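Number of protein chains: 2
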Amino acid sequence: MIRPLSWGLAALLCCGAAFAQGSLNERFDASLSSKDQTDWLKLTSAEPNHVGSPHDKKNAEWILAQYKKWGWDAHIETFDVLFPTPIAEAVEMGGFKATLQEKPIPGDTSATAKDPALPAYLAYQGDGDVTAPLVYVNYGTEADYLALQQLGVSVKGKIVIARYGEVWRGVKPLLASKHGAIGCIIYSDPADDGYAQGDTYPKGALRPPQGIQRGSALDMMLTPGDPYTPGYGAVPGAKRLTKETAPSILKIPALPISYADAQVLLKSIAGPLAPRNWRGALPITYRVGGGAGQPAVHLMVKSDWSLKPVRDVIATIKGSEWPDQWVVRGNHFDGWVEGASDPLSGQVALLDEARSIGKLVQSGWKPKRTIVYTSWDGEEPMLLGSTEWVEQHADELKRKAVIYINTDGNSRGFMRASGTQDIGQLATRAAAGVTDPEAHVSVADRARARLQVEALSPAASPEIKEAAKAAAEPGSSLPVGAPGSGSDFSGFVDHLGVTTLDFGFGGEEPGGGVYHSRYDTFEHHTRFDDPGMVYGKVMAATVGHAVLAAADSELPLQHPADLAAAIKADVTKVEKLADARRAAAEQQKTLLAANAFAVASDPTRPHGDPLPLRPVPKFDFTALDEAVATLGKSAGAYEAAVKGARPGPAQIAELQGIMQTIDQTLMAEEGLPGRPWYKNLIYAPGRYIGYGVTTLPGIAESITEEKFDAVPHQVSLVAEALKAYAARLDKATAVLKG
Amino acid sequence: MIRPLSWGLAALLCCGAAFAQGSLNERFDASLSSKDQTDWLKLTSAEPNHVGSPHDKKNAEWILAQYKKWGWDAHIETFDVLFPTPIAEAVEMGGFKATLQEKPIPGDTSATAKDPALPAYLAYQGDGDVTAPLVYVNYGTEADYLALQQLGVSVKGKIVIARYGEVWRGVKPLLASKHGAIGCIIYSDPADDGYAQGDTYPKGALRPPQGIQRGSALDMMLTPGDPYTPGYGAVPGAKRLTKETAPSILKIPALPISYADAQVLLKSIAGPLAPRNWRGALPITYRVGGGAGQPAVHLMVKSDWSLKPVRDVIATIKGSEWPDQWVVRGNHFDGWVEGASDPLSGQVALLDEARSIGKLVQSGWKPKRTIVYTSWDGEEPMLLGSTEWVEQHADELKRKAVIYINTDGNSRGFMRASGTQDIGQLATRAAAGVTDPEAHVSVADRARARLQVEALSPAASPEIKEAAKAAAEPGSSLPVGAPGSGSDFSGFVDHLGVTTLDFGFGGEEPGGGVYHSRYDTFEHHTRFDDPGMVYGKVMAATVGHAVLAAADSELPLQHPADLAAAIKADVTKVEKLADARRAAAEQQKTLLAANAFAVASDPTRPHGDPLPLRPVPKFDFTALDEAVATLGKSAGAYEAAVKGARPGPAQIAELQGIMQTIDQTLMAEEGLPGRPWYKNLIYAPGRYIGYGVTTLPGIAESITEEKFDAVPHQVSLVAEALKAYAARLDKATAVLKG
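Chains as they are written, first to last, in my numbering: chain R, 85 to 822; chain B, 85 to 822.
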């Protein structure tokens, strides 16, 4: 037992009534079964499960049958979306040919599956047939291209080779294309994803030399979902763009390869030495390219660009008191190949929850709110199933959805949560009620211990230290990370502004060993990621308790003080960003004028001046600072009023009307600059980051992209949104004070 | 030309008269010759040059002859010191035997030298014959052993294998022994020193798979110099300790190996995965050890422990006005093998200076002060020649030495300087008067541009940003780093408190490719480190101008405001260190009581609690803060008084009496806690760092070693010393004001 770290239950504000129903949680837990999750995982991951595959369809139908069997009102909702699949592909250099399909491993379903796995590819790359020398661009981030400029090397007319990591996969070919490259190859460096992290599969869990990470290369940061129907459902008769007119499809060919093959290509690269932090764990000298005598590489991809069906399975149990208030819960079931760990380990946990809830209902319990369980198809190519469903039902969801709770696979270890940052108490309460089977303390206490220990490390970031400090306060919420993208919550939080919570367990096995490869199999998952599916049950219990609490809680789920604190930190960060960019631009100008970059370079090696930064004006952040102060004040007043409140039925109804869509006040109908699908003013996947979040993205990216004229409007949008959120809180406080 | 970075000459305070003698510098430069330096390098590096070798003796005699030829009063001063050499050695595992001598490379003097090179070894390791499994300890630092503890792995009774880097070589077996290991192997990981940094020798400059770094493993941090005669000269009849009683000799056997051999050993290690920042660039999974089934390794060393002679060559030109004020200049000439780059490239530059000075004297010029050129023997084993000379002549040097100027090898690139931090103006003025042949701006402007560009990088440390900001001020000094150890300045600055300046060029070729190996040859140096010996001439010019200015300057060389600023930063740092350690101890106590480390660990893997930190009391730093303030004030007043001062001869004599030994006020006769040889209260090689400096070491190390009772006395020693320095300044100011 951890004493000093334990949660002070008295101070927990939300959803008290529901969690007080300890017996309900106990009855819920009684039906959960690691054994059944294991059987279901074996069944659903026996064959490749990519969109349009026979087994993906079979799984949809099997999942539908389960929901029905357990008493849910369930149906399949189908969308017809663009999902390109490869017809022909090649990466060649002289006589060398990269191997674009992993060999099956004996003793593994990769060897026994009957339906064929797709070869390794990147969905929504641009097709093409190009031949050019390679340039190694490290992770292929914006910072890497800036460094490349100072190394005096251009990617124009070249094929870039980037390693996986740092930013989302799709950013790499996108930036390569933006900088003039004609093709892009991505590989998994063993420093990040391979032997450096442990023994490789099948001896250990890690990515073997021949393993390849497939994935999407759509411009997710512009719009996720079907690229032909941006912003609306891909239903029959919907107006569709074409490959030529859809802006989110990549314009250049791109392929992923293994590190065994990458080693051959990287070794052929001449030119400047790669900077120290660009070097991976292959036993070679990493060079950037542009050197004399470097051989050309041939890259070719040809795809089938036809539409394919995605089949979401939607299951409902109607609420007894507030049927038009929905608690939505989802996890996808399509995989890049068999997808045992990603996503089916999460799907079977979700199904375990659904079965338990079904049993509770059969035994006479009724949720006060409507519970909607969603098993998404087509997440891997680009959140297709969830996004199309969200777009198709946008109006209804904006009115009815109280919360969306997401997972996406599972493994043993520590709980982490992200989402709208007013929802930490719900996550914390749920985690406080489940015992971790390895550490024999609550899941919440273990997560907190982890955070405290991490914060003690000399290498800990100021953010982790701050989070650990905040989470050490009695009754405080575990930190909820700001949501980026890369899973099915995106449509809910980024497009609609629905209160969102994304859960997951992990951190004990080095992750990613078979991620998006043919070796993400039942055998791998149950040997390494979650032996005995013990954490499958832990996740079902944790998430299930959150669902039950959300379904029955009379008081609002939000804990606005947490959000106010998070946004305050975000505002400080963006103001510091402006100052730092201004100082950097001024210093750079001085140094450029002084020819200092050339003087500080080795003249015997290629080098270049950095691209000149635009001078950064002084921005007026007064409105933003005032709005943050107002929000903090209103949140404090609300927390004080709700503490110990015992509102009557009419007050509760009024409160629910005010609070359950409060996160939608943080949306702007016009969306973010240049990407109108993203309407959330607080959170978005970073424009050139991907899965990682950029907070206050309209302001931050106007600064980093040097669109300084846009800053005042973005500041005003955010300030107004924060004031609107605060005004809702003031109304709720007035109701509570009666 | 760099305008905004140029030095404002008007504001330069020291040694104005000497630098105004532009024509003297020009005449000095006229005799310098890259061609002659090349010829001398070829001659002196043709055979192995370790202490006691025939060629080392031959070089001493040849150097002596040159000095004499150029008109210097020169002699050889011999000391008889302990210098162990290997008789037998082995690193074996099963049938595998490590190769402890590099094969010669055709076309290289490693292949044509007739006298034998010593096999790879570590001087002053402890001899022994041990067999045990390996534990990989990363760089083998204190932090690494703390991490090891949390990984649940002990080195007790084991042989550790550490990679070169982070801390000085000798710290690695010392800490291994302290933690109970029975042997130590050190290797050069290619991530730090090998193929990761470029093509390997002979194709490129970098360390080849079979290259081995030799070196000293004496406990330099306790006492450098001959371990049998600590604190006094190793002259005939001196009282000598024995191998058993000399505390600085290592107690366990230790050997260095190549990375080709290390790969075989490291691959055999089982047990926990090495933390991410412990992993090098070998294509293996780095593991820590302690796992089942790990084979034992046999390590054996047997040495000849006889005394050997070191022959310092001392050359003097008597001063015309102040013969009892000495400007001492040195570079060593012994090498681990041939030592072309380290140290002979610096030795031939020094000789070029000596020849030019000789010519100036022959043409009628006379230095006002006495110039003493010193060519040191026995630096590599442990600063033997310089330390014994300093110890032997301590009293005279404390009275007469105005400054010691050191170099230790050379290569092309950027100038850097370290030393007593009141000497930056001298270095800066010297560097401002020499044109960099690659960048065509002054050496000073190039160093400053480099610093400014480095400071612009997002990865720049606060220290670099601060230094860049300070160096951007018109008339400011280039930063002079605090002196650590690892070269012949140590005796002067650490033991006597003589004003010290250590110069060097480099940073354009990845350094260390052949450091302390058989491949540090004439061919390697002239192909990669300094083609055409262009920078040999640049260094001779820069250092030579500093020598001439120091010899002739009427006004004191010190610029105390620079020192005051540096010490102020050091005091802030040590106070923050105390606060950080206190907070860490408190947090750790809470977490230990809560069992948080176990809860935050993966129970399926070995893990352990960290060693408990002692609670850190609140220290009273008032006296220190006051002394720093006093020093700042006195330094400011002195700078104001000296600016534009035109003192008469009597005043000058008085000023010289006050100022030229002012850095000795920062010494304590009792020395640092546990290491009385080190008497400088401001600078010392870190107790478990080595070459790297720890500033205010008595205070800082009493804190980090948890000897909290010792802090008040150390604080008081430093405060008194700073006040003594300030009092000298006040006296000087009074003299200047007349």
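Each residue gets a CB set at the ideal place from its N, CA and C atoms; glycine is no exception.
Here the structure is a predicted model, which is why all the values come from computation and not from measurement.
Same chain, Cβ closer than 7 Å to residue 187/R, neighbours up to 5 away in sequence not counted: By 1-based counting over the first sequence, the position of residue 187/R is 103. Cβ neighbours of residue 187/R beyond the five flanking positions: 294.
Can the beta-carbon of residue 167/R be found less than 8 Å from the beta-carbon of residue 135/R? Taking the first sequence and counting its residues from 1, the one referred to as residue 167/R is at position 83. Taking the first sequence and counting its residues from 1, the one referred to as residue 135/R is at position 51. In contact: residue 167/R and residue 135/R (Cβ atoms closer than 8 Å).
Under 8 Å between C-beta atoms, does residue 282/B make it to chain R? Mapped onto the second sequence, residue 282/B falls at position 198. Cβ-Cβ to chain R under 8 Å: yes for residue 282/B.
Which residues in the same chain as residue 154/R place their Cβ atom closer than 7 Å to its Cβ, once the five residues preceding and following it in sequence are excluded? Numbered from its first residue, the first sequence carries residue 154/R at position 70. So the qualifying residues of the chain are 438, 439, 442.
Contact defined as beta carbons within less than 8 Å: I believe residue 296/B pairs with residue 340/B. What is the distance between those atoms, to the nearest angstrom? Position 212 of the second sequence, counted from the start, is the residue given in the question as residue 296/B. Position 256 of the second sequence, counted from the start, is the residue given in the question as residue 340/B. Indeed they touch by this definition, with Cβ atoms about 5 Å apart.
Cross-chain neighbours of residue 671/R in chain B, by beta carbon under 7 Å: Taking the first residue of the first sequence as 1, we reach residue 671/R at position 587. Per Cβ cutoff of 7 Å: 540.
Every unbroken beta strand (DSSP E) within the segment 783-820 of chain B, with a cutoff of 3 residues, ordered by chain: none
Proximity test, Cβ basis, 8 Å: residue 341/R and chain B: The sequence position of residue 341/R within the first sequence is 257, counting from 1. Judged by the 8 Å Cβ criterion, residue 341/R is not in contact with chain B.
Bridge partners for residue 526/R per DSSP, in chain order? For the purposes of this step, residue 526/R is identified with residue 442 of the first sequence, where counting begins at 1. Paired residues: 519/R.
Taking 8 Å as the threshold (beta carbon to beta carbon), is residue 522/B in contact with chain R? Counting from one through the second sequence, the residue named residue 522/B turns up at place 438. Yes, because at least one Cβ of chain R sits closer than 8 Å to the Cβ of residue 522/B.
For residue 489/B, which residues does DSSP report across the bridge? Position 405 of the second sequence, counting from 1, holds the residue named residue 489/B. DSSP lists 413/B, 585/B as partners of residue 489/B.
Does the CB of residue 536/R have a neighbour CB from chain B at under 8 Å? Numbered from its first residue, the first sequence carries residue 536/R at position 452. Yes, because at least one Cβ of chain B sits closer than 8 Å to the Cβ of residue 536/R.
Looking at the unbroken alpha helix (DSSP H) that takes in residue 637/B, where does it start and where does it end? Locating residue 637/B in the second sequence gives position 553, where the first residue counts as 1. Segment: none, residue 637/B is in no alpha helix (DSSP H) and carries neither H nor E.
Chain B beta carbons: is any one of them nearer than 8 Å to that of residue 683/R? Taking the first residue of the first sequence as position 1, residue 683/R is located at position 599. With 8 Å as the cut-off, residue 683/R counts as an interface residue toward chain B.
Report yes if the C-beta of residue 487/R is less than 7 Å from at least one heavy atom of the ligand SAH; otherwise report no. With respect to the ligand SAH, the structure offers nothing, as it holds no ligand at all.
Close beta carbons around residue 255/R, own chain, < 6 Å, minus the five adjacent residues each side: Position 171 of the first sequence, counted from the first residue, corresponds to residue 255/R. If we look at residue 255/R and ignore the five residues flanking it on each side, its Cβ neighbours are 772, 774.
Below 7 Å on C-beta distance, what does residue 592/B contact in chain R? Position 508 of the second sequence, counted from the first residue, corresponds to residue 592/B. Chain R residues near residue 592/B: 686.
Below-8 Å beta-carbon distance, residue 533/B vs any chain R residue: To locate residue 533/B, count along the second sequence from 1; it is residue 449. Judged by the 8 Å Cβ criterion, residue 533/B is in contact with chain R.
Closer than 8 Å by C-beta to residue 593/B: which residues in its own chain qualify, once you throw out the five before and the five after it? Chain order, please. As a first step, residue 593/B must be located in the second sequence, where it is residue number 509. Answer for residue 593/B: 289, 495, 496, 497, 612, 613, listed in chain order.
Using a Cβ-Cβ cut-off of less than 7 Å, list which residues of the segment 334-364 of chain B approach chain R; keep chain order. 357, 363
For residue 798/R versus residue 776/R, is the C-beta distance shorter than 8 Å? Numbered from 1 along the first sequence, position 714 holds the residue referred to as residue 798/R. Numbered from 1 along the first sequence, position 692 holds the residue referred to as residue 776/R. Their beta carbons are not under 8 Å apart, which means residue 798/R does not touch residue 776/R by this criterion.
Can you grab the Cα-Cα spacing for the pair residue 280/B / residue 227/R, in whole Å? On the second sequence, residue 280/B is found 196 positions in, with the first residue counted as 1. On the first sequence, residue 227/R is found 143 positions in, with the first residue counted as 1. Looking at the two C-alpha atoms, the distance is approximately 21 Å.
Can you tell me whether residue 99/B is helix, strand or coil according to DSSP? What you label residue 99/B is simply residue 15 of the second sequence in a count that begins at 1. Because residue 99/B sits at a pLDDT of 49, beneath the cut-off of 50, its placement in the model cannot be relied upon, and the following sentence gives the value as read from the coordinates. Of the three classes helix, strand and coil, the one that applies to residue 99/B here is coil, per DSSP.
Under 9 Å Cβ-Cβ, which residues of chain B neighbour residue 610/R? As a first step, residue 610/R must be located in the first sequence, where it is residue number 526. Within chain B, no residue comes near residue 610/R; the closest Cβ sits about 15 Å away, beyond 9 Å.
When burial is assigned at 16 or more other CB atoms within 10 Å of the CB, is residue 480/B buried or exposed? Stepping through the second sequence from its first residue, residue 480/B is reached at position 396. It is exposed - the Cβ of residue 480/B has fewer than 16 other Cβ atoms within 10 Å.
Is the CB of residue 529/B under 8 Å away from at least one CB in chain R? Position 445 of the second sequence, counted from the first residue, corresponds to residue 529/B. True, the Cβ-Cβ gap to chain R drops below 8 Å.
Which residues, in order along the segment 501-512 of chain B, keep a beta-carbon less than 9 Å from a beta-carbon of chain R? none
Kindly indicate which three-state DSSP category residue 615/B falls into: helix, strand or coil? Along the second sequence, one-based indexing puts residue 615/B at 531. Helix at residue 615/B.
Give every residue of the same chain whose Cβ lies closer than 6 Å to the Cβ of residue 814/R, excluding the five residues on either side of it in the sequence, and list them in chain order. Taking the first residue of the first sequence as 1, we reach residue 814/R at position 730. The answer, listed in chain order, is 718.
Which term fits residue 72/B, buried or exposed, when burial requires 16 or more other beta carbons within 10 angstroms of its beta carbon? Here chain B has residues from 85 to 822 only, and residue 72/B is not among them.
Exposed or buried, which one is residue 137/R when buried takes at least 16 other CB atoms within 10 Å? Within the first sequence, numbered from 1, the residue matching residue 137/R stands at position 53. Its Cβ being crowded by 16 or more others within 10 Å, residue 137/R is buried.
Would you decide whether residue 589/R is buried or exposed? Buried here means 16 or more other CB atoms lie within 10 Å of its CB. Counting from 1 along the first sequence, the entry for residue 589/R is found at position 505. The residue is buried, with at least 16 neighbouring Cβ atoms inside 10 Å.
If you follow the alpha helix (DSSP H) that residue 482/R is part of, which residue opens it and which one closes it? Along the first sequence, one-based indexing puts residue 482/R at 398. Per DSSP, residue 482/R belongs to the alpha helix (DSSP H) from 478-484.
Quick check on residue 245/B - is its C-beta less than 8 Å from some C-beta in chain R? Stepping through the second sequence from its first residue, residue 245/B is reached at position 161. Cβ-Cβ to chain R under 8 Å: no for residue 245/B.
In chain order, what are the residue ranges of uninterrupted alpha helix (DSSP H) at least 4 long that sit wholly in the segment 109-194 of chain B? 118-128, 138-153
Identify every run of the beta strand (DSSP E) within the segment 208-271 of chain B, keeping only runs that are complete inside it and at least 3 residues long; order them along the chain. 212-220, 243-247, 267-271
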